[in-house]
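First the structure, in the form of structure tokens, and then the observations on it.
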Ligand SMILES: Cc1cc2nc3c(=O)[nH]c(=O)nc-3n(C[C@H](O)[C@H](O)[C@H](O)COP(=O)(O)OP(=O)(O)OC[C@H]3O[C@@H](n4cnc5c(N)ncnc54)[C@H](O)[C@@H]3O)c2cc1C
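Residue numbers (full-length UniProt numbering): 1 to 460.
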């Protein structure tokens with residue numbers, strides 16, 4: 001019975017961990033595929049709601065549901081503290097979505113000091129590197145400062161790694177199975193159920209290329225679309241001390257050079273680093289990959305020299321990109337020397353999206369959140385939507401638990417009442433049958449029964 005509504009099937013590459021904490025019948029054991037910001041926000045919110053329920057339960061033992069087990073399956077290995085210290089893309093969180101989730105997770109106090117590595121201003125330059133837009137360019141100092149403060153309150157930036165770190169710090173480590181890739185999610189046609197080990201409900205938070213998405217067919221023909229744009233990240237550490245001229249040019253907010261369908265984006269990162277993201281429109285330029293040498297040095301030469309990429313870009317922009325390549329090459333050489341280099345060369349990642357309005361037919365045992373549900377081209381909203389989804393899903397699960405719990409209690413009370421009545425009768429009946437004169441006693445009892453049903457003395 002308890003397993004009649006299991007969901008999603010997974011083959012995990014990691015050894016099996018301790019079994020999911022036993023949940024009483026009626027409480028869903030939840031599996032989350034993926035361990036990105038959406039998944040971790042959801043896991044934390046579910047843990048918080050279950051532990052607050054447990055506390056209330058100690059005060060009112062029968063009124064609240066017990067602990068809700070949740071397990072996250074993440075294909076990457078557990079990040080080390082050093083890896084979480086590395087510069088990573090900056091995410092601005094918004095009121096009503098990302099920030100609401102941060103507050104609901106009780107992380108506001110930890111979040112605030114980690115914001116501000118990337119300021120909120122924006123500079124846009126053309127192919128030559130000439131500034132065509134800069135936030136507050138026509139404003140007087142005071143007015144500009146006030147505006148910055150205002151926006152800062154509304155859209156603070158945090159490094160992706162710092163966001164993951166504060167979420168991870170609060171999630172019980174047993175909840176996460178690192179190095180566990182969900183390779184398949186399918187419905188068992190025979191039993192009309194789906195299974196993911198011993199879990200009842202599966203939430204796909206496994207990003208753009210979600211495996212769980214296959215469980216939830218789209219309500220209209222709708223598939224993942226490639227934009228033709230591929231991107232890769234580079235890092236310039238300590239830019240303002242080591243390259244002050246470049247630092248002054250790109251600023252500490254977002255710097256964008258847009259031309260020929262390509263983009264060079266620079267953002268302020270942790271410890272005065274600059275994160276340089278190069279986005280190449282391979283549809284227009286004919287692509288970079290296809291078996292060619294993708295070593296950092298080779299890609300650098302091609303990107304900076306070939307006219308179809310950044311070859312015709314102005315010196316200032318090229319200098320930023322060249323410096324970012326050189327610094328990244330130097331860091332890779334150091335990692336190699338120290339024996340912990342994880343990846344050779346550059347991996348160009350495609351930008352993909354689901355068609356706007358993508359939705360799926362509701363299924364009772366699985367759902368999707370974040371990029372798995374609605375990956376879109378980057379517009380500064382993706383992580384906010386993922387955290388908002390997590391907030392809403394956690395609230396629905398909480399409602400489900402709170403509604404289910406009193407109903408289960410009612411059902412259990414009725415079950416107890418009718419079982420007790422029958423159990424009393426069975427005690428009497430058995431005492432009678434297994435006594436010294438069982439046959440006579442049973443015959444007498446049967447006659448009594450027949451009389452009470454109006455059957456007279458026929459049975460004598
Ligand atoms: C270049 C770029 C810049 C961006 N900039 C911004 C920005 O400034 N602001 C913003 O809001 N958004 C931005 N986005 C979008 C944002 O990154 C995503 O919307 C957000 O990360 C979605 O979060 P998620 O938790 O749903 O998915 P993800 O962050 O993609 O996390 C998915 C997780 O699932 C894991 N996973 C994947 N497959 C499996 C599997 N089969 N089994 C187990 N685990 C699996 C992955 O390892 C990953 O940890 C940007 C995106 C890109 C590509």
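All C-beta atoms, glycine included, are put in the ideal place defined by N, C-alpha and C.
Residue state for residue 218 is assigned as strand, using DSSP reduced to three classes. In this structure, the straight-line span from the alpha carbon of residue 401 to that of residue 33 is close to 21 Å.
Scanning its chain for C-beta atoms nearer than 8 Å, with the 5 sequence neighbours on each side dropped, one finds around residue 225 the residues 352, 353, 354, 355, in chain order. The three-state secondary structure of residue 427, taken from DSSP, is helix. Here DSSP, grouped into helix, strand and coil, assigns residue 267 to strand.
Contact annotation: residue 36 and residue 118 have beta-carbon atoms that are not nearer than 8 Å. Within the model, the alpha-carbon separation for residue 429 versus residue 450 is close to 15 Å.
With respect to residue 360, residue 218 sits close: the two C-beta atoms are nearer than 8 Å. Within a 10 Å sphere around the beta-carbon of residue 213 sit 16 or more other beta-carbons, which makes this residue buried. Residue pairing of residue 359 in beta bridges, as defined by DSSP: absent, with no partner found.
Under the three-state reduction of DSSP, residue 239 is assigned to helix. Residue range 90-92 is occupied by the beta strand (DSSP E) that includes residue 92. The beta carbon of residue 331 is closer than 8 Å to those of 235, 237 in its chain, skipping five residues each way along the sequence.
Taking C-beta separations shorter than 6 Å and ignoring five residues to either side along the sequence, the partners of residue 134 in its chain run 123, following chain order.
Per DSSP, reduced to three states, the secondary structure at residue 161 is helical. In the three-state DSSP reduction, residue 74 falls in the strand class (E or B). Around residue 97, the same chain offers 384, 385, 387, 388 as residues with beta carbons nearer than 7 Å, after the five sequence neighbours per side are excluded. The straight-line gap separating the alpha-carbon atoms of residue 246 and residue 320 is approximately 7 Å.
A residue is called buried once 16 or more other Cβ atoms fall within 10 Å of its Cβ, and residue 71 is buried on that count. Annotated three-state conformation of residue 340 is coil, per DSSP. Closest in alpha carbon position to residue 279, among 170, 262, 85, is 262.
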